[in-house]
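S.K.: Sharing a structure below in structure tokens format, with a few things to ask.
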Amino acid sequence: MAVITYRDALNQALREEMQRDPNVFLMGEEVGVYQGAYKVSRGLLDEFGPMRVVDTPITELGFAGVGVGAAMVGLRPVIEFMTWNFALLAVDQLVNSAAKMRYMSNGQVGVPAVFRGPGGSALQLASQHSQAFESWYAHIPGLKVVMPATPADAKGLLKSAIRDDNPVIFIEGEMLYNLKGEVPEGEHVVPLGLADVKREGGDVTIICHSKSVGVSLKAAEQLAKDGINAEVLDLRTIRPMDTEAVLTSVAKTHRCVVVEEGWPFAGIGAQVVDTIQREVFDELDAPVLRVTGADVPMPYNKQLEKAAKADPAKVISAVNQVLYRE
Amino acid sequence: MTTKVVMEALSPTMEEGRLVEWKKQEGDAVAVGDVLAEVETDKAVMELVARAAGTLLKHVVEAGATVPVSELVAVIGEAGEAVSEEAGKRGGGEAKRDSGTAGQADSGAAGQRGSKDSQATQPSPGQNRPVSMPPAPPTAAVAAEQRPSAKPPAREGNGAKAAPGRVKASPLARRIAAERGVDLVGVTGSGPEGRVVARDLETAVATAPVSSRPAPSGATASAPLPRRPADVPYTDVPLTQIRKTIARRLAQSIGPVPTFYLTSEVDMERVAEAREALRAAGKREGGEAGTDAKVSFNDIIIKAVAMALRQHPACNSWWQDDHIRYWNEVHVSMAVAVEEGLITPVIRHADQKTLREIAAESRDLAARARERRLKPEEYTGGTFTVSNLGMLDIDEFTAIINPPETGILAVGRMAEKPVAHDGAVAIRRRMRLTMSCDHRVIDGATGAQFLKTLKGMLENPLALVW
Numbered sequence: 241m242a243v244i245t246y247r248d249a250l251n252q253a254l255r256e257e258m259q260r261d262p263n264v265f266l267m268g269e270e271v272g273v274y275q276g277a278y279k280v281s282r283g284l285l286d287e288f289g290p291m292r293v294v295d296t297p298i299t300e301l302g303f304a305g306v307g308v309g310a311a312m313v314g315l316r317p318v319i320e321f322m323t324w325n326f327a328l329l330a331v332d333q334l335v336n337s338a339a340k341m342r343y344m345s346n347g348q349v350g351v352p353a354v355f356r357g358p359g360g361s362a363l364q365l366a367s368q369h370s371q372a373f374e375s376w377y378a379h380i381p382g383l384k385v386v387m388p389a390t391p392a393d394a395k396g397l398l399k400s401a402i403r404d405d406n407p408v409i410f411i412e413g414e415m416l417y418n419l420k421g422e423v424p425e426g427e428h429v430v431p432l433g434l435a436d437v438k439r440e441g442g443d444v445t446i447i448c449h450s451k452s453v454g455v456s457l458k459a460a461e462q463l464a465k466d467g468i469n470a471e472v473l474d475l476r477t478i479r480p481m482d483t484e485a486v487l488t489s490v491a492k493t494h495r496c497v498v499v500e501e502g503w504p505f506a507g508i509g510a511q512v513v514d515t516i517q518r519e520v521f522d523e524l525d526a527p528v529l530r531v532t533g534a535d536v537p538m539p540y541n542k543q544l545e546k547a548a549k550a551d552p553a554k555v556i557s558a559v560n561q562v563l564y565r566e
Numbered sequence: 113m114t115t116k117v118v119m120e121a122l123s124p125t126m127e128e129g130r131l132v133e134w135k136k137q138e139g140d141a142v143a144v145g146d147v148l149a150e151v152e153t154d155k156a157v158m159e160l161v162a163r164a165a166g167t168l169l170k171h172v173v174e175a176g177a178t179v180p181v182s183e184l185v186a187v188i189g190e191a192g193e194a195v196s197e198e199a200g201k202r203g204g205g206e207a208k209r210d211s212g213t214a215g216q217a218d219s220g221a222a223g224q225r226g227s228k229d230s231q232a233t234q235p236s237p238g239q240n241r242p243v244s245m246p247p248a249p250p251t252a253a254v255a256a257e258q259r260p261s262a263k264p265p266a267r268e269g270n271g272a273k274a275a276p277g278r279v280k281a282s283p284l285a286r287r288i289a290a291e292r293g294v295d296l297v298g299v300t301g302s303g304p305e306g307r308v309v310a311r312d313l314e315t316a317v318a319t320a321p322v323s324s325r326p327a328p329s330g331a332t333a334s335a336p337l338p339r340r341p342a343d344v345p346y347t348d349v350p351l352t353q354i355r356k357t358i359a360r361r362l363a364q365s366i367g368p369v370p371t372f373y374l375t376s377e378v379d380m381e382r383v384a385e386a387r388e389a390l391r392a393a394g395k396r397e398g399g400e401a402g403t404d405a406k407v408s409f410n411d412i413i414i415k416a417v418a419m420a421l422r423q424h425p426a427c428n429s430w431w432q433d434d435h436i437r438y439w440n441e442v443h444v445s446m447a448v449a450v451e452e453g454l455i456t457p458v459i460r461h462a463d464q465k466t467l468r469e470i471a472a473e474s475r476d477l478a479a480r481a482r483e484r485r486l487k488p489e490e491y492t493g494g495t496f497t498v499s500n501l502g503m504l505d506i507d508e509f510t511a512i513i514n515p516p517e518t519g520i521l522a523v524g525r526m527a528e529k530p531v532a533h534d535g536a537v538a539i540r541r542r543m544r545l546t547m548s549c550d551h552r553v554i555d556g557a558t559g560a561q562f563l564k565t566l567k568g569m570l571e572n573p574l575a576l577v578w
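Chains A and B are the protein sequences, given in the same order. Quick note, this note's numbering runs 240 ahead of the 1-based positions in the first sequence. Quick note, this note's numbering runs 112 ahead of the 1-based positions in the second sequence.
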């Protein structure tokens, strides 16, 4: 199996889906001539031409709206936001148009569009460009939210997202684009709504997604040296959430820590914890703890930025607490 | 930072304990799990262990003192650390804790803790924290909403004993306790603020014959008394209507446990011969370890009872109010007279043990019972009891069933008697067994069949190894 980057895995998924279905097209800022701000669309303009790889002006609300309209009349647009920080301008189209159309047209008009781009923080991009917005979109009925953590999942989930008949918010990890991993060639499709056990263990469940999967796996490795066997469960799709996988794992380990990059208040972890305490209360041997980004705008200062992020040490500390080891 | 050592509830019913002897002296280094002192409870002499590491700074009570559960007995801290006045005083409030560490930098929490300390000069016995409770401020790693400042103040110092009747336990611990019939009152919690967590139940009942695994439903559907399904210690069978009616009517008739008695006289000649042969063989082997010849009649009876119970699961059962628990494991309790009363240490898996193992174990258990050094798990969890008053020259007697067990065997003395044997009157050693049966579970014929099997085994001891 070929070992390629997360970036190239996404590129493969786009190319294969555009080859497979002439209704699929890519639109966004710098996706064509510049081949993508993060080079995800490398080579696509040459292969598919300017009708299917469309450069737009810096008008997020505008091209998101064009995407919704195109989807309503039968095309399958993939709308790239240079980052999800910039997509704030397009939220009206995403929430009030894309998410509502099927419901408000009594099922007559769907929006089979994918809105994709990098989310979360990178390194010293400061408060306005270091934000994890998945909980915003996961809050909206009518939107699916997908966040791959590995190259293989990036390819398989993007293909599923493009084929899905509903609007999908596809949030990539800005720090994951260079991550390498084995990716099956050709038809590799990962269904939406299925979590994945990235590491099996019996002592504690660490639930995570996107960048926090790597953080959790590092913590799990460290814990293993201490004799603690952590199960790392990657949600992959935030909404619809694979509650069965979550509950099965927690029922097995009886202890749980939920890790995410975003802010704590009303975060993804809050939803996970709600499900756990409601469905498997009698399985819990400790309160479920959350490890999140600090509840502040992301500092620019390098040391403060480091301190504000969820990292393996914080995950280990939370695991030790739910295991009553500290 | 100092941590307090309190008198722990070391038995399910313990309300106070007498500190018999300090095993660690002031100034000694202690690790978690070290035995700090021996404590005499209402049932046994138990060990009080350290739940924090450091140096034993102070004995707050002297050896010999009787101390209510959850009262301070000692202080552990760093070597040379001063013991603050309130921490070193029995009946004082919160232990003084260093609130300046990095993990507690949250100013709200520190302030709260500080004000609590300043109030601590007023004694408030209910607020002792067992030493097993670290202050547990979630560190900076944990989301801000989980910081202690968000906690209602009432939770501070709300120790295990703060609210009588309400034991703090994790949901999982509660479920396991319910499944195993363990009373959480008296289980020492090792979690924050004395919370009982799953691991506390592991140590409490690890050796008890219990399991949280449900019996396979298929097994119970096909046969009411399944014989030894693999890997399942017992099988719970819901009460049938007729069983319910029997239980209700008989209980109305003679009391909470409707008991009836069955007596059978057993010819012990061959058991006595076998025992003498074993003793002689042991002596020839020189009484080396492992060839101990001191097998008693009671050991042989326990072994025979265990083997007979295997064949009669109805007598190896617990009455559980709304269902009957048929044990697939055999754990024989043996009544041992001790100075203040009696106690029933348990020979676990007695059916699977050799006579030699049973002899050694029963001697050890009886000796430690008399010294009151049994651990709770050593005198709970039996599935049937044997009580023997033969050595006190009692011909026969009736014993009281120890619920939830449903049967008990009262063993009388063995005595030479003229009996008809092989067509002639002969002097034979005979012994009377009386079984008390809980009629809610065991019917007359059921109990009689068990006794018949037992009698057969004793009259033909080779059956024990058959």
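The beta-carbon is built from N, C-alpha and C at its ideal position, and this holds for glycine as well.
Let me make sure I understand the geometry here. Which of B:559, B:407 and B:564 has the alpha-carbon closest to that of residue 391 (chain B)?
M.R.: Of B:559, B:407 and B:564, the residue nearest in Cα terms is B:407.
S.K.: Indicate whether residue 541 (chain B) and residue 384 (chain B) have their beta-carbon atoms separated by less than 8 Å.
M.R.: Cβ atoms of residue 541 (chain B) and residue 384 (chain B): closer than 8 Å.
S.K.: Could one say the Cβ of residue 523 (chain A) lies closer than 8 Å to chain B's Cβ atoms, at least one of them?
M.R.: Yes, because at least one Cβ of chain B sits closer than 8 Å to the Cβ of residue 523 (chain A).
S.K.: Taking the alpha carbon of residue 206 (chain A) as the reference point, which residue from A:454, A:541, A:327 and A:447 has its own alpha carbon closest?
M.R.: The question about residue 206 (chain A) has no answer here: the residues shown for chain A are numbered 241 through 566.
S.K.: Under a three-way DSSP split, which group does residue 431 (chain B) fall into?
M.R.: If DSSP states are grouped into helix, strand and coil, residue 431 (chain B) belongs with the strands.
S.K.: Just checking: is the beta-carbon of residue 573 (chain B) within a distance shorter than 8 Å of some beta-carbon in chain A?
M.R.: No, residue 573 (chain B) lies away from the interface with chain A (no Cβ there is under 8 Å from its Cβ).
S.K.: Which whole runs of the alpha helix (DSSP H) in the region 368 to 429 of chain A are 4 residues long or more, in chain order?
M.R.: Correct list: 374 to 378 and 391 to 403.
S.K.: Which same chain residues end up closer than 7 Å to residue 490 (chain A) when comparing Cβ atoms and leaving out the 5 residues on each side of it in sequence?
M.R.: Cβ within range, chain order: 445, 496, 516, 520 and 523.
S.K.: Drop a sphere of 10 angstroms on the beta-carbon of residue 409 (chain B), count the other beta-carbons inside from all chains shown, and report buried for 16 or more, exposed for fewer.
M.R.: Per the 10 Å Cβ criterion, buried.
S.K.: Measuring straight from C-alpha to C-alpha, what distance separates residue 480 (chain A) and residue 394 (chain A)?
M.R.: When rounded, the distance between both Cα atoms is 17 Å.
S.K.: Does the beta carbon of residue 120 (chain B) come closer than 8 Å to any beta carbon on chain A?
M.R.: Chain A contact via Cβ: absent.
S.K.: Counting along the chain, where does the alpha helix (DSSP H) carrying residue 321 (chain A) start and finish?
M.R.: Premise fails: residue 321 (chain A) is in no alpha helix (DSSP H) and is neither H nor E.
S.K.: Is residue 435 (chain B) closer than 8 Å to residue 350 (chain B) when the C-beta atoms are compared?
M.R.: Yes, the pair counts as a contact, with Cβ atoms nearer than the cut-off.
S.K.: Please confirm if residue 379 (chain A) has its CB atom under 8 Å from at least one CB of chain B.
M.R.: For residue 379 (chain A), the answer is no, since every Cβ of chain B falls outside 8 Å of its Cβ.
S.K.: With 8 Å as the threshold, decide whether the Cβ of residue 526 (chain A) is near any Cβ in chain B.
M.R.: Residue 526 (chain A) counts as touching chain B.
S.K.: What do you reckon, is the C-beta of residue 521 (chain B) under 7 Å from a heavy atom of the ligand MG?
M.R.: Judged by which ligands are present, the structure shown has none, so any question about the ligand MG falls away.
S.K.: Rounded to whole angstroms, what is the Cα-Cα separation between residue 580 (chain B) and residue 502 (chain B)?
M.R.: With chain B running from 113 to 578 in the structure shown, residue 580 (chain B) is simply not present.
S.K.: Is there a Cβ from chain A that is less than 8 Å from the Cβ of residue 303 (chain B)?
M.R.: By this cut-off, residue 303 (chain B) is an interface position.
S.K.: Using a C-beta to C-beta distance shorter than 7 Å, which residues of chain B count as neighbours of residue 494 (chain A)?
M.R.: By Cβ distance, chain B contributes 284 and 310.
S.K.: Spell out the partners DSSP gives residue 133 (chain B) in its beta bridges.
M.R.: Beta-bridge pairing links residue 133 (chain B) to B:150.
S.K.: Here's the rule: buried if 16 or more other CB atoms are within 10 angstroms of the residue's CB, otherwise exposed. What is residue 266 (chain B)?
M.R.: Low confidence applies here, because residue 266 (chain B) scores a pLDDT of 37, under 50, leaving its location unreliable; read the following figure in that light. That one is exposed.
S.K.: So, at 6 Å on beta carbons, what are the nonlocal neighbours of residue 177 (chain B) in its own chain, with the 5 sequence-adjacent residues on each side left out?
M.R.: For residue 177 (chain B), where only same-chain residues beyond five positions count, the Cβ hits under 6 Å are 131.
S.K.: Any beta carbon of chain A sitting closer than 8 Å to that of residue 130 (chain B)?
M.R.: For residue 130 (chain B), the answer is no, since every Cβ of chain A falls outside 8 Å of its Cβ.
S.K.: What first and last residue would you give for the beta strand (DSSP E) that runs through residue 536 (chain B)?
M.R.: First-last of the beta strand (DSSP E) with residue 536 (chain B): 536 to 550.
S.K.: What residues of chain A sit near residue 287 (chain B), judged by a beta carbon separation below 7 Å?
M.R.: Neighbours of residue 287 (chain B) on chain A, chain order: 522.
S.K.: Here's a check: name, in chain order, each residue in its chain whose Cβ is nearer than 6 Å to the Cβ of residue 318 (chain A), leaving out the five neighbours to either side.
M.R.: Excluding residues within five positions, the ones whose Cβ falls inside 6 Å are 266 and 354.
S.K.: If residue 118 (chain B) sits next to residue 196 (chain B), beta carbons under 8 Å apart, how far is it from one beta carbon to the other, in whole angstroms?
M.R.: Between residue 196 (chain B) and residue 118 (chain B) the Cβ distance is about 16 Å, and since that is not below 8 Å, they are no contact.
S.K.: At a cut of 8 Å, does the region 462 to 472 of chain A reach the region 403 to 416 of chain A through at least three beta carbon pairs?
M.R.: The region 462 to 472 of chain A vs the region 403 to 416 of chain A: no contact.
S.K.: With a floor of 3 residues, list each beta strand (DSSP E) that falls wholly inside the region 431 to 518 of chain B, ordered by position along the chain.
M.R.: Fully enclosed beta strand (DSSP E) runs of 3 or longer: 435 to 439, 444 to 446, 448 to 450, 453 to 455 and 496 to 500.
S.K.: Starting from residue 564 (chain A), find everything on chain B with Cβ-Cβ shorter than 7 Å and list it in chain order.
M.R.: In chain order: 302, 303 and 309.
S.K.: Determine, using beta carbons only, whether residue 526 (chain A) and residue 564 (chain A) come nearer to each other than 8 Å.
M.R.: For residue 526 (chain A) and residue 564 (chain A), yes; Cβs fall inside 8 Å.
S.K.: Taking its Cβ as the centre, do 16 or more other Cβ atoms sit within 10 Å of residue 466 (chain B), making it buried, or is it exposed?
M.R.: Classification of residue 466 (chain B): exposed, given that the 10 Å Cβ count is below 16.
S.K.: Looking at residue 443 (chain B) and residue 518 (chain B), is the spacing between their C-beta atoms short of 8 Å?
M.R.: It is not a contact, given that the beta carbons lie outside the stated cut-off.
S.K.: With the cut-off set at 8 Å, would you say residue 129 (chain B) and residue 152 (chain B) are in Cβ contact?
M.R.: Cβ distance < 8 Å, so residue 129 (chain B) and residue 152 (chain B) count as in contact.
S.K.: Near residue 296 (chain B), what residues of its chain come up, given a Cβ to Cβ distance below 6 Å and the 5 sequence neighbours on each side ignored?
M.R.: Closer than 6 Å at Cβ, skipping near neighbours: 279, 281, 289 and 308.
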